[in-house]
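These protein sequence lines are chains P and D, in that order. First residue of the first sequence? That's 1 in the working numbering, and the numbers climb one at a time after it. First residue of the second sequence? That's 1001 in the working numbering, and the numbers climb one at a time after it. Glycine included, C-beta positions come from ideal geometry on N, C-alpha and C. Keep in mind that this is a model prediction, so the values were computed, not measured.
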Amino acid sequence: MRIAVCAPQVPFTRGGAEIFADRLVAELRGRDHEADLVTVPFKWYPGSRVLTQAFLWRLLDLEQADGRAIDLVVATKFPSYAVRHPNKVVWLLHQFRQAYDLDRTELGQFDESPEDRATRRAVHRLDETALGEARKVFATSRNVADRLERALGLKAEVLPHPPQELAYRCERSDDFILSVNRLDRAKRIDLLLDAVATDASLRCIVVGDGPDRGRLEGMARERGLDGRAEFAGRVGDEELVALYARCLVVYYAPVDEDFGMVPYEAFLSGKPVLTTTDAGGPLEIVSDRRTGLVCEPSAAALAEACGWLRAHPEQAREWGQAGKAVAQRVTWESAVDRLLAAPA
Amino acid sequence: MRVAYYSPLPPERSGIADYSALLLPALRRRLDIEVVKRGRRRPPRRTDIALYHVGNDPEVHGWIVEALRRWPGVVVLHEFVLHHLIAGLTLGRGDVATYLAAMEREGGLAARLLAHGVVERSVPPLWENRPEDFPLTGIVLDAVRDRGVIVHSRTVEERARAAGYDGPLWRIPHPAWPDPEAPPAELGGEPLIGCLGNLNASKRIPQLLEAFARLRESRPGARLLLAGAVSSRFELEPRLQRLGLAGDGSVLREDYVDERRLWSLLARCDICVALRAPTMGETSGIALRALSLGRPLVVSDVGWFSELPDGVALKVPVDELEVETLTAALELLASDEAARSALGRAARDHAKREHDLGRVADAYATALEAAAGGEAVRDAVVGEVARAAAAVGLEPGGPEALELGTRLREARIGE
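Here it is, written out as structure tokens:
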């Protein structure tokens, strides 16, 4: 089959969604399909720009390429699923959350003006149409599927996917908490910094870059975390694997996250995951006191959990191994089989 | 976003007043609502959109229609036929010209001539005899074409579209009242059949009385509760006497009852009856209360009532066999407890699922937000697309430009 995988691109940014799309193309090619990635730059501000940028996808003609039919389109996240195709399957990573669950929160985008309110509603209508017309909608997690059903009444089948394929390994803990994430407010790295500030024996390494980096670095300075909070920025695969291998625990507690590949990466490295009761998707992966710790989203609770893990290294190792078994069950092979078996 | 809210409110005795009393608290949790004082036409300062609740009574809704004609907003059409309202606002104030124009808009020259007959009193008032033939909804629909209309049923949606209204329209179900768990009224009757609300010919009271009289022949313990004010042109007593239902206690009468008593009465009824013909496209608040309580319900097979799923209410066609069918429906429910229970359960589930107050309030917020800012967003998006199209040399009206329009409509960005 000729398969077009559609994903928006935010120039100069690379994260889980981009890794996922690249990997999906590679997996499809590995099954002798002719697969390619179709991307369009996406900018979602100011005002109604989110709609005009989404509209670009609607104008694409992906029925054919170079005189030959494209048999299947797999769209991933907003607004790529606005694309038209008679055989469109959506593997939903997430909708435009600012128009949904993040609305009227500090992470929202739309204010109370009639124009902003109407723009938000127009995003809903676009989603209703674009997702409603798809032959099948998969969601990357139960959290994403539930949000979709709550907001628009549309059903999606849960289809998780594995993380990026790296040579994950487990080594002796160097007694630091690892955070791997894009640095924006929704990822809640500030909560980790507050936890480290609470207990002077804790140390963290923050991997990733993003618009919140300056604020977070300033916050670390203000709290006197010099030496105990290291901002590593973007790191290469080798270094990432090494950090996973040597950490005590991986912190991953965004606000109501869609899915998140980080817990799987941690598990494949044999490390437990520390998350919070309001983290959303990660709670489908991390089981409290079986593969990690799930605590209240407060600095004190996180610090206490980290302290407990430091005092119980054997338990941490055991939970990491249990997590590894969980992660190994999620394979590209089964995911792609289900994706392609969607009824035509 | 600030919404100016025009509606009758309790203590006014109107179904729409009750509706607003139910809806307002839920709406206030979603929007900044300011209820406009009765008689005030101009919306309060900083209003982003006005919401007008319109029914057919000129005394209750006249001021609201006057306001919406000056300051268009979103109108909630609680019923489609507004002839009585429009006649009151025009002829009732000596404005013959507007009434004639409204009739001509509705039915052409023939309707205008008929309206002349009404004015000259050679033709009986159409709002009393043939309102459904001349709904006169056009005045309201024309005023709000750029803003939008909210209706409660497919029936009214289809009639509005058939009347040429092509503006935004949202179909939002009437919300169901939560069960107040009122104790059942202490009334006799095995079974007790209840018909609540204003009593008049369009509620099919004559047919109901006849069917009940027939039921009584086989079920002397049956009682019929009629609770509500009797319409001035409806003669109840002589009908009861003619059918042998007067003075023997088989028909229980209560006049207008307050909300508390209403729920108590409904809770006691073994069977509720909410018939209607002709329908003005209205939704029945009484029927919805009965559904919320899980009372077995018998309705006419017309308008909104027809839209109730089979299995949620027994529907009686309005035809020459209406009395026979109604008698059979009452007999079935009187004799079969399992059927009553099944119908009641289905009714309660339906009310919960389709008429949930939170969902209704969400749908209002969606409609009002789209109506208030939709035009500006549409202009911004279409403007940007048009500028980009022009910049690459696409001709307005050319096939590429037409495709752009098609895609915008598909994506519902321009709504």
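Asked                                                                                                                 : Found
Bridge partner(s) assigned by DSSP for D:Y1006                                                                        : D:Y1052
Under the three-state DSSP convention, the category D:I1413 falls into                                                : coil
Own chain residues within Cβ distance below 6 Å of D:T1155, not counting five before or after                         : G1281, G1303, W1304
Chain-ordered chain P contacts of D:T1366 [CB-CB under 7 Å]                                                           : R121
Chain D within 8 Å of P:P114, Cβ atoms only                                                                           : yes
Simplified DSSP assignment, three categories, for P:R223                                                              : coil
Test item: CB-CB of D:E1034 and D:V1081 under 8 Å                                                                     : no
Simplified DSSP state of P:Y251, which is helix, strand or coil                                                       : strand
Proximity of D:V1298 and D:L1321 at Cβ, strictly below 8 Å                                                            : no
Cα-Cα separation between P:A229 and P:T140, rounded to whole angstroms                                                : 32 Å
Residue interval of the beta strand (DSSP E) (run including P:P211)                                                   : Where P:P211 is concerned, there is no enclosing beta strand (DSSP E), given that its DSSP letter is neither H nor E.
The region 73-85 of chain P touching the region 116-136 of chain P, judged by at least three CB pairs closer than 8 Å : yes
Cβ pair D:R1223, D:G1189 closer than 8 Å                                                                              : yes
Cα-Cα separation between P:R142 and D:G1397, rounded to whole angstroms                                               : 46 Å
Cα-Cα separation, P:G227 to P:R203                                                                                    : 8 Å
P:A134 versus P:K271 - alpha carbon distance                                                                          : 38 Å
Sequence-distant residues of its chain with Cβ nearer than 6 Å to P:H161 (five each side left out)                    : A335
Test: D:D1048 CB closer than 8 Å to a CB of chain P                                                                   : yes
Endpoints, alpha helix (DSSP H) assigned at P:G320                                                                    : 313-328
Any C-beta of chain P under 8 Å from that of D:A1386                                                                  : no
Chain-ordered residues of the region 43-54 of chain P with a beta carbon less than 7 Å from chain D                   : G47, S48, L51, T52
Buried versus exposed call for P:E192 [16 or more other C-beta atoms within 10 Å across all chains shown]             : This sequence places Leu at residue 192 of chain P; Glu is not what is there. Classification for P:L192: buried.
Local Cβ density within 10 Å of P:R117, reported as buried at 16 or more and exposed below that                       : buried
Beta-carbon neighbours of D:I1413, restricted to chain P and to distances below 7 Å                                   : L51, F55, A122, L126
Distance, P:E18 Cα to P:R290 Cα                                                                                       : 30 Å
Bridge partners - D:C1195, DSSP secondary structure assignment                                                        : D:L1226
C-beta contact flag for P:F138 and P:L152 at 8 Å                                                                      : no
Enclosing alpha helix (DSSP H) for D:S1335 [first to last residue]                                                    : 1322-1335
Residues bridged to P:L37 [DSSP beta-bridge criterion]                                                                : P:V5
Where D:R1028 meets chain P, residues with beta-carbon distance less than 8 Å                                         : The premise fails here: D:R1028 is roughly 15 Å from chain P at the closest Cβ pair, so nothing lies under 8 Å.
Segments assigned beta strand (DSSP E), at least 3 residues, entirely inside the region 75-111 of chain P             : 88-92
For P:A186, the nearest candidate out of P:R121, P:L107, P:A156 (CA to CA)                                            : P:L107
Beta-carbon proximity list for P:T119, same chain, < 6 Å, skipping 5 on both sides                                    : S48
Closest by C-alpha distance to D:R1041, when choosing among D:R1093, D:R1070, D:H1053, D:L1077                        : D:R1070
CB contact below 8 Å: P:R150 versus chain D                                                                           : no
8 Å CB neighbourhood of P:T277 in its chain, flanking five on each side removed                                       : L283, V294, C295, E296, P297
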